[in-house]
Structure formats: C-alpha cells, structure tokens
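*Asks:* One structure is given below, represented as structure tokens, and several questions about it will come after.
Structure below.
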C-alpha cells in the first residue's frame, strides 16, 4: 500500500519569498511521484513528476522538487513566490512503470501569497 | 484535442435519485479513474479501469458503479444518491507508465 503525507494544510508566504511545500511518501515498491496544482473551481494540472530519472525535477511556473529516497520525501519549492501561485497543491504517488493505474493523493496544501 | 471531458459540470439531485456522470477522453489512454474530492480529504479513488472491459474498485467504491465498454468512455453511476455523496468528482486518464490528465470536474449536490 502507498500513502502520502503533506505537512501543513495551509502555508502563507509573502510575494517574492521562498515557497516550500512538504510531501513525504510511503511505498513498498519504487514510486512515481507527482505534484498537481488546483486553482479555484478548476481541475488538477500537473506541475512536475518524478519517474525514476533525475532526482531533481523541474516543472512549470518555476517550481521544482527533489526526490530523496533516504528521507522518503518529495518537497516542492519555488525561489520567489508570485501572486498567481496562490492555489491548492497536491502531492501524489503511484507504482512505477506500467502498473501506475492508481494515484494516491495527500490531503493538499493551500498556498496563500500575501502582497 | 479536447483531453478529458466531464459532463455535466454541475448537478443537484434529491436523495434516492440515480444519475450517470459522463467522462470521455480522446487521447487513446489505457487507464481511466474516478476520484471524489472533499474538503480536507484530498482526492480519493472510487473506481478505476486499466482497459476496455476491465474495472476494479478503489478506496471508496460503495454506492457507485462503473463500466468501460470503449477505450474512450468511463461513466460513473450513482445508484441511489445519498447526501454523503455530495462532492466534486474528477475523471482522469493516463497512458501506462505516464501521468494522469484530469477533467474539470462535476460538482454534485445531493439534497
């Protein structure tokens, strides 16, 4: 079984400050890991994914995440927050390879960006 | 290229009514899934399919049925709606070994 824990249901930062959203996973097999973003009243958009290639993954809108197997973590960062980054962020895990038919999500982190 | 299309976008039902949420994808993806999103709960898997004619239960399947007669379509049926099924429902599709594409969701209220 797989699980995801997102630390902090709500994170607030100032515009221009570092964004750090934390995600820890549990998986008995090598995982695929994902970060999705959801803007109000919209669906989920893929920010970035780890699929067992490079451990530092760059995504859209200046976000990146680092897969750390020893810490079972996949934290999401952005050096400088923008007002448009305000949204809910979800970390998700699946089994690697062709059996990735089930995604398990964390409970989400709501990011607020203050002017 | 429409991606994953969900209909309707909004629906209000009375307790005990039945309905079908539609999901269609035009990317020839093998995998399709239904999730429900509730505040503070993230997204939870209801049912999933790994190909036409093959479905299985996810984490919260009770009260829902699915079928997959074609690669493109994966409808979700509520047999007898209950207030606990008030939620936002998302359909998603993926080619094997890749990432999931999500629809825009169906917001369902059960009175």
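Residue numbers (our numbering), protein chains in the order written: chain X, 1299 to 1413; chain F, 21 to 131.
We put the beta carbon where it would ideally sit given N, CA and C, even for glycine.
1) Quick check: the Cα distance between residue 1317 of chain X and residue 90 of chain F, rounded to an integer number of angstroms?
2) Kindly indicate which residue of X/1340, X/1322 and X/1366 has the alpha-carbon position closest to the one of residue 1352 of chain X.
3) Looking at residue 53 of chain F and the ligand SAH, is the gap between the Cβ and the nearest heavy atom below 7 angstroms?
4) I'd like the span of the beta strand (DSSP E) that includes residue 35 of chain F, first residue to last.
5) Return yes when the Cβ of residue 103 of chain F is within less than 8 angstroms of the Cβ of residue 35 of chain F, no when it is not.
6) Could you give the C-beta distance for residue 1406 of chain X and residue 125 of chain F, rounded to a whole number, given that I count them as a contact under 8 angstroms?
7) If I measure Cβ to Cβ from residue 49 of chain F and keep anything under 6 angstroms in the same chain, skipping five residues before and after, which residues do I get?
8) Going by the beta-carbon positions, is the gap between residue 1372 of chain X and residue 1363 of chain X smaller than 8 angstroms?
9) Nearest CA to the CA of residue 1359 of chain X: which residue from X/1303, X/1381, X/1309 and X/1399?
*Replies:* Taking the structure as given:
1) Along the first chain, read from residue 1 onward, the residue named residue 1317 of chain X stands at position 19. Along the second chain, read from residue 1 onward, the residue named residue 90 of chain F stands at position 70. Whole-angstrom Cα-Cα distance: 43 angstroms.
2) Here residue 1352 of chain X refers to the residue found at position 54 of the first chain. Checked all of X/1340, X/1322 and X/1366; the closest Cα to residue 1352 of chain X is X/1366.
3) Inclusion of the ligand SAH in the displayed structure is not the case, the ligand content being empty and no account of it being possible.
4) Residue numbering aside, residue 35 of chain F sits at position 15 when the second chain is read from its first letter. Premise fails: residue 35 of chain F is in no beta strand (DSSP E) and is neither H nor E.
5) As a working note, residue 35 of chain F is residue 15 in the second chain. As a working note, residue 103 of chain F is residue 83 in the second chain. In contact: residue 35 of chain F and residue 103 of chain F (Cβ atoms closer than 8 angstroms).
6) In the first chain, residue 1406 of chain X corresponds to position 108, counting from 1. In the second chain, residue 125 of chain F corresponds to position 105, counting from 1. Between residue 125 of chain F and residue 1406 of chain X the Cβ distance is about 14 angstroms, and since that is not below 8 angstroms, they are no contact.
7) The sequence position of residue 49 of chain F within the second chain is 29, counting from 1. Counting only Cβ-Cβ distances below 6 angstroms, and skipping sequence neighbours, we find 113, 114 and 115.
8) On the first chain, residue 1372 of chain X is found 74 positions in, with the first residue counted as 1. On the first chain, residue 1363 of chain X is found 65 positions in, with the first residue counted as 1. Contact flag set, yes.
9) Your numbering for residue 1359 of chain X matches position 61 in the first chain. Ranking X/1303, X/1381, X/1309 and X/1399 by Cα distance to residue 1359 of chain X puts X/1381 first.
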